[in-house]
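What follows is a short report on a single structure.
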Amino acid sequence: MTWQKTAEKLKRAYKRSILRDEFLLAHKAWKKAKGDNTLRLDYPLNQSSVVFDVGGYHGDFAAQIQDKFGCKVFIFEPSQAFFTRCQDRFADNTMVHIFPYGLADTTQDVLLSNDDDGSSVFLEQGEGSEKISLHDVTDVLEELSVNTIDLMKINIEGGEFPLLQKLIESGWISRIRHCQIQFHNFVPNAWAMRQTIRAELAKTHDENWNYPFIWESWSLRDSLSDE
């Protein structure tokens, strides 16, 4: 083995161990801060606010944020089982609207792996995989006649990368006051793509807090939110 190959192998091993440690440290810090019940619900919202819950799962976040602020919540959940569960959960709540598709950069039908809250279109598809629909986010925003989103929570198991890129390229990102994002590191080039998106977000938003690949939050700068 040449010294170049040895150096490259050591470099890859170093990156794996260091980056993995960063994730574990972030996870430990998040648990200590009890972030799910504190940071994730700490936004300046009210009854007039519009919240997008992208990746609704069982509707836990939607329930918490709606109970706290009385705001209008749009849930996007492409898994039929999770969609039905949300429908049943919010059947008597007229402030919560649920849609049986996901948001993405393009409209398409794809296969979703069957991994409970880790179900993803980016993981190997096996027994129990489900065909789901994804809709172009800009088309959905136009159809719903939404002009501004007060909070967009995104947890879509790898789909956050193309979705955020579309929001940035379309200019729609500057009409979202607060972004709460969970990036996922199992996607190829996830670390580099996350850094690229964060650099783009920093042009319009300020980072509130950041636990890498756990959760992070960004808020639109005051100078842009007043435009």
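If you're matching positions, the sequence shown starts at 1 in full-length UniProt numbering and goes up one per residue. Note that the Cβ used here is the ideal one computed from N, Cα and C, for glycine as well. Being a predicted model, the structure only gives us computed values, none of them experimental.
With 16 or more other Cβ atoms from the protein chains shown falling within 10 Å of its own Cβ, residue 158 counts as buried. The beta-bridge partner set that DSSP reports for residue 217 consists of 180 and 209.
Counting the other CB atoms within 10 Å of its CB gives residue 150 a total of 16 or more, which places it among the buried residues. Residues of the same chain with a CB within less than 6 Å of the CB of residue 217, apart from the 5 flanking positions on each side, are 180, 208 and 209 in chain order. Non-local beta-carbon contacts of residue 22 in its own chain, meaning distances under 7 Å to residues more than five positions away in sequence, involve 212 in chain order. Rounded to the nearest whole angstrom, the C-alpha separation of residue 191 and residue 45 is 31 Å. In the displayed model, residue 23 falls within a helix according to three-state DSSP. If the five residues before and after residue 135 are omitted, its C-beta is found closer than 6 Å to the C-beta atoms of 101 and 107, all from its own chain and listed in chain order. In its chain, beyond the 5 residues on either side, 86 and 89 have a beta carbon closer than 6 Å to the beta carbon of residue 59. Fully enclosed alpha helix (DSSP H) runs of no fewer than 4 residues occupy 60-69, 80-89, 137-143, 160-170 and 190-201 of the UniProt domain "Methyltransferase FkbM" (53-209), in order along the chain. Spanning the alpha carbons of residue 200 and residue 161 requires a straight line of approximately 12 Å. Inclusion of residue 156 and residue 204 in the CB contact set at 8 Å is not warranted, their separation being larger than that value. The C-beta distance from residue 137 to residue 104 rounds to 7 Å, short enough to fall under 8 Å. Of the candidates 146, 93 and 197, the residue whose Cα lies closest to the Cα of residue 166 is 197.
Relative to the Cα of residue 185, the nearest Cα in the group 214, 33, 67 and 171 belongs to 214.
Per the coordinates, the alpha-carbon of residue 142 lies some 40 Å from the alpha-carbon of residue 24.
The residue from 195, 154 and 69 with its alpha-carbon nearest to that of residue 55 is 154.
Of the residues assessed, residue 53 falls on the buried side of the cut-off, its CB having 16 or more other CB atoms within 10 angstroms.
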